[in-house]
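Peer 1: Residue numbers (my numbering): 28 to 419.
Every residue, glycine too, gets a C-beta built ideally from N, C-alpha and C.
I have a structure here, written as structure tokens, and I will follow up with some questions on it.
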Amino acid sequence: MAASETARVPVHELTLRPALAAAFPATRAAALERVRSVDERAYARTRNHLRGAVSRLSPYLTHGLVSVPEVLAIVAPDAAGKFAQELAWREFFQLVYERDGRTIFADRFGPQPRRSAAAQPRRLPRAIIEGRTGIDALDDAVRALLDDGYVHNHARMWLASVTCHLAGADWRAGAAWFFFHLLDGDLASNTLSWQWVAGTGSHKPYLANQANLDRFSDRAQRGTFLDRPTSELLAGPVPAALAESLELDLPATIPDLPPPRLDPDRPLLAYHPWALDPTWRAGDDAERWLLLEPALFARHPWSRDRLAWVLSAAREVPGLRVAVADARTLLAERVAAAEQGASAAVRHRAHPAVAHWPGPADPPPRAFAQRWTQGSAPRSFSAFWKRVGSAS
28 MAASETARVP VHELTLRPAL AAAFPATRAA ALERVRSVDE RAYARTRNHL RGAVSRLSPY
88 LTHGLVSVPE VLAIVAPDAA GKFAQELAWR EFFQLVYERD GRTIFADRFG PQPRRSAAAQ
148 PRRLPRAIIE GRTGIDALDD AVRALLDDGY VHNHARMWLA SVTCHLAGAD WRAGAAWFFF
208 HLLDGDLASN TLSWQWVAGT GSHKPYLANQ ANLDRFSDRA QRGTFLDRPT SELLAGPVPA
268 ALAESLELDL PATIPDLPPP RLDPDRPLLA YHPWALDPTW RAGDDAERWL LLEPALFARH
328 PWSRDRLAWV LSAAREVPGL RVAVADARTL LAERVAAAEQ GASAAVRHRA HPAVAHWPGP
388 ADPPPRAFAQ RWTQGSAPRS FSAFWKRVGS AS
């Protein structure tokens, strides 16, 4: 889909649903409250259970309302613990995205095992899309994805495994579907996690049977297409429940807002959806604009719920205005004018999703990545963690 095909949605139609606002208040205060409530020991003991003591911080981390260093400073004095390790995965994925750019959206280390010859990057099993697989843990996860924009990480892995290995669907379709709905949809983490499960970003694919789902979802379901030993899951044809596929309906939408009208006499701080940090250069006397790029939303569409959540979160930054614009062109013109003394300076915060933005950029707030001194991104998380986890 070309950027010109991105539909403009009136801003008044992008209001945050009360249920979603209650589940994930789009504020920094709510994020910090969740940080302070994390029980690291309980997390380490129960994190794989759907009712475990997980933090539900991921939407706030993805969109920059809080940072990994802030969370670690409050929660994890033991920076080698399980909670810290999960945060390190996020930074590892960002380093890979920085190194490899848009190539992360293609098979990384080889073709997807079990990918059907008929698989397409925008088709998924109907039963997965509609939450009608007949497996309670999977169907509940789909409902959570559609209703809350959030799914427990273990349930994400189960859905991805069934989608890629039992249905033979293309992992890219699943990644796009997740990214559309998830409030925490991070391009690096979401994409590379799907590749890890699919076996294109790791040495072997991830599989889980009904016993695994039952153990971690407090259920006891029998007679499903997953109710067999893991070693037998891939024997035989695609389960009948997964045989029918549908084209994904992921409409590319963006708020109907004009380009910004910039004041050339004031410094410009350019924001993007991955860095809605109210503390960033809070003392600077500058114009502040959140720039939403049609090309990004065309390539990687968001649901209206997610758009509404991010627009609400943007209100946390005092004086931040929102505009739709081609940031590369806009900022290039402003940088050129600043270099010629015709306008005030411009600055943004670095992120691999906006690597094409010209002009000076402040580094993103990171903890573990600062300890990686090898000069290039790590090949594997184990190599990354071996160095940065022991450096604490």
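With residue 3 as the anchor, note down where its beta strand (DSSP E) starts and where it stops.
Peer 2: Lying before the first or after the last residue shown, residue 3 is absent from the chain, which here runs from 28 to 419.
Peer 1: Compare the Cα-Cα distances from residue 185 to each of 90, 400, 264 and 260 and report the closest residue.
Peer 2: For the purposes of this step, residue 185 is identified with residue 158 of the sequence shown, where counting begins at 1. Comparing Cα-Cα distances from residue 185 to each of 90, 400, 264 and 260, the minimum goes to 260.
Peer 1: State the CB to CB distance for the pair residue 390 and residue 337, rounded to an integer number of angstroms; the pair is presumed to be in contact (CB under 8 Å).
Peer 2: Numbered from 1 along the sequence shown, position 363 holds the residue referred to as residue 390. Numbered from 1 along the sequence shown, position 310 holds the residue referred to as residue 337. At roughly 22 Å, the Cβ-Cβ gap does not stay under 8 Å, so residue 390 and residue 337 are not in contact.
Peer 1: Report the option in 111, 227, 58 and 174 whose CA atom is closest to the CA atom of residue 332.
Peer 2: Counting from one through the sequence shown, the residue named residue 332 turns up at place 305. Nearest C-alpha to residue 332: 174.
Peer 1: How should residue 245 be labelled, buried or exposed, when 16 other C-beta atoms within 10 angstroms of its C-beta is the threshold for buried?
Peer 2: Residue mapping note: residue 245 aligns to position 218 of the sequence shown, counting from 1. So residue 245 counts as exposed.
Peer 1: By alpha-carbon positions, which one of 414, 395, 410 and 415 ends up nearest to residue 97?
Peer 2: Start at 1 with the first residue of the sequence shown, and residue 97 comes out as number 70. Of 414, 395, 410 and 415, the residue nearest in Cα terms is 395.
Peer 1: Hey, which unbroken runs of the alpha helix (DSSP H) at 4 residues or more fall wholly within the region 329-379?
Peer 2: Listed in chain order, they are 331-341 and 354-366.
Peer 1: In the DSSP assignment, what are the bridge partners of residue 254?
Peer 2: Position 227 of the sequence shown holds residue 254. None, per the DSSP bridge assignment.
Peer 1: For the beta strand (DSSP E) containing residue 272, list its first residue and its last residue.
Peer 2: As a working mapping, residue 272 is identified with position 245 in the sequence shown. Segment 272-274, the beta strand (DSSP E) holding residue 272.
Peer 1: Thinking just about the alpha-carbon of each residue, which of 313, 217, 161 and 309 is nearest to the one in residue 420?
Peer 2: The first residue shown for the chain is 28 and the last is 419, placing residue 420 beyond what the model contains.
Peer 1: The beta strand (DSSP E) that contains residue 73, what's its start and end?
Peer 2: As a working note, residue 73 is residue 46 in the sequence shown. Here residue 73 belongs to no beta strand (DSSP E); instead the alpha helix (DSSP H) covers 67-73.
Peer 1: Would you kindly check if the distance between the Cβ of residue 65 and the Cβ of residue 102 is under 8 Å?
Peer 2: Position 75 of the sequence shown, counted from the first residue, corresponds to residue 102. Position 38 of the sequence shown, counted from the first residue, corresponds to residue 65. A contact, by the Cβ cut-off of 8 Å.
Peer 1: Determine, using beta carbons only, whether residue 177 and residue 211 come nearer to each other than 8 Å.
Peer 2: Locating residue 177 in the sequence shown gives position 150, counting from the first residue. Locating residue 211 in the sequence shown gives position 184, counting from the first residue. Yes. Within cutoff.
Peer 1: Specify whether the region 185-200 and the region 151-168 touch according to this definition: at least 3 beta carbon pairs, one from each stretch, less than 8 Å apart.
Peer 2: Result yes; three or more Cβ-Cβ pairs closer than 8 Å.
Peer 1: How do the region 212-229 and the region 122-137 stand: do at least 3 beta-carbon pairs fall below 8 Å, yes or no?
Peer 2: Result yes; three or more Cβ-Cβ pairs closer than 8 Å.
Peer 1: Could you tell me which residues DSSP pairs with residue 281 in its beta bridges?
Peer 2: One-based indexing of the sequence shown puts residue 281 at position 254. Answer is 35.
Peer 1: If I measure Cβ to Cβ from residue 222 and keep anything under 6 Å in the same chain, skipping five residues before and after, which residues do I get?
Peer 2: Within the sequence shown, residue 222 is the residue found at index 195, counting from 1. Result list for residue 222: 135 and 228, in chain order.
Peer 1: Relative to the C-alpha of residue 267, which candidate in 302, 362 and 189 has its C-alpha closest?
Peer 2: Translated into positions along the sequence shown, residue 267 becomes position 240. Selected option, being the one with the closest Cα: 189.
Peer 1: Report the rounded CA-to-CA distance for residue 293 versus residue 359, giving the unit in angstroms.
Peer 2: Translated into positions along the sequence shown, residue 293 becomes position 266. Translated into positions along the sequence shown, residue 359 becomes position 332. Those two C-alpha atoms are separated by around 16 Å.
Peer 1: For the structure I just gave you, are there three or more beta carbon pairs, one from the region 306-326 and one from the region 272-282, closer than 8 Å?
Peer 2: Taking 8 Å as the limit for Cβ pairs, the verdict is that the region 272-282 does touch the region 306-326.
Peer 1: Only counting the same chain, and skipping five residues up and downstream in sequence, which positions put a Cβ closer than 6 Å to that of residue 354?
Peer 2: Reading the sequence shown from its first residue, position 327 is the one you call residue 354. The answer, listed in chain order, is 318, 320 and 384.
Peer 1: Check whether the region 367-379 touches the region 298-313, counting contact only when three or more Cβ pairs, one atom from each stretch, lie closer than 8 Å.
Peer 2: Judged by Cβ distances under 8 Å, the region 367-379 makes contact with the region 298-313, as three or more pairs qualify.
Peer 1: By a C-beta neighbour count over all protein chains shown, 10 Å radius and 16 as the cutoff for buried, is residue 139 buried or exposed?
Peer 2: As a working note, residue 139 is residue 112 in the sequence shown. That one is buried.
Peer 1: Among 405, 41 and 84, which one has its Cα closest to the Cα of residue 180?
Peer 2: Mapped onto the sequence shown, residue 180 falls at position 153. Residue 180 has its Cα closest to that of 84, out of 405, 41 and 84.
Peer 1: Can you name the residues that DSSP bridges to residue 389?
Peer 2: One-based indexing of the sequence shown puts residue 389 at position 362. Paired residue(s): 376.
Peer 1: Note down, in chain order, each residue of its chain lying with its Cβ closer than 8 Å to the Cβ of residue 170, except the 5 sequence neighbours on either side.
Peer 2: Here residue 170 is taken as the residue at index 143 of the sequence shown, counted from 1. Result list for residue 170: 158, in chain order.
Peer 1: My understanding is that residue 340 touches residue 76, with C-beta atoms under 8 Å, so please give their C-beta distance in whole angstroms.
Peer 2: Reading the sequence shown from its first residue, position 313 is the one you call residue 340. Reading the sequence shown from its first residue, position 49 is the one you call residue 76. Not a contact, Cβ separation roughly 29 Å.
Peer 1: Please determine whether the Cβ atom of residue 148 lies at a distance below 7 Å from any heavy atom of the ligand ZN.
Peer 2: The ligand ZN is not among the ligands present in this structure, which contains no ligands whatsoever.
Peer 1: When you compare the CB positions of residue 150 and residue 330, do they come within less than 8 Å of one another, or not?
Peer 2: Position 123 of the sequence shown, counted from the first residue, corresponds to residue 150. Position 303 of the sequence shown, counted from the first residue, corresponds to residue 330. Their beta carbons are not under 8 Å apart, which means residue 150 does not touch residue 330 by this criterion.
Peer 1: Keeping to the same chain, check which residues put their C-beta closer than 6 Å to that of residue 28; ignore five residues upstream and five downstream.
Peer 2: On the sequence shown, position 1 is the one that residue 28 refers to. Confidence in residue 28 is poor, its pLDDT being 37 and thus under 50, which makes the residue's placement unreliable; the coordinate value appears in the next sentence. These residues qualify, in order along the chain: 279 and 325.
Peer 1: Distance, Cα to Cα, residue 275 vs residue 366?
Peer 2: On the sequence shown, residue 275 is found 248 positions in, with the first residue counted as 1. On the sequence shown, residue 366 is found 339 positions in, with the first residue counted as 1. About 46 Å.
Peer 1: Need the endpoints of the beta strand (DSSP E) that residue 295 sits in, please.
Peer 2: Here residue 295 corresponds to residue number 268 of the sequence shown, with the count starting at 1. Here the beta strand (DSSP E) through residue 295 covers 295-298.
Peer 1: What's the C-alpha gap between residue 410 and residue 369?
Peer 2: Residue numbering aside, residue 410 sits at position 383 when the sequence shown is read from its first letter. Residue numbering aside, residue 369 sits at position 342 when the sequence shown is read from its first letter. C-alpha separation (whole angstroms): 48 Å.
Peer 1: Check the DSSP bridge columns for residue 314 and list the partner residues they point to.
Peer 2: Counted from its first residue, the sequence shown places residue 314 at position 287. DSSP, once it has assigned bridges, lists 295 as partnering residue 314.
Peer 1: Pull up the distance between the alpha-carbon of residue 125 and that of residue 114, whole angstroms please.
Peer 2: Translated into positions along the sequence shown, residue 125 becomes position 98. Translated into positions along the sequence shown, residue 114 becomes position 87. Near 17 Å, if we compare the C-alpha coordinates of residue 114 and residue 125.
Peer 1: Taking buried to mean at least 16 other C-beta atoms within 10 Å of its own C-beta, is residue 230 buried or exposed?
Peer 2: Within the sequence shown, the letter at position 203 stands for residue 230. It is exposed - the Cβ of residue 230 has fewer than 16 other Cβ atoms within 10 Å.
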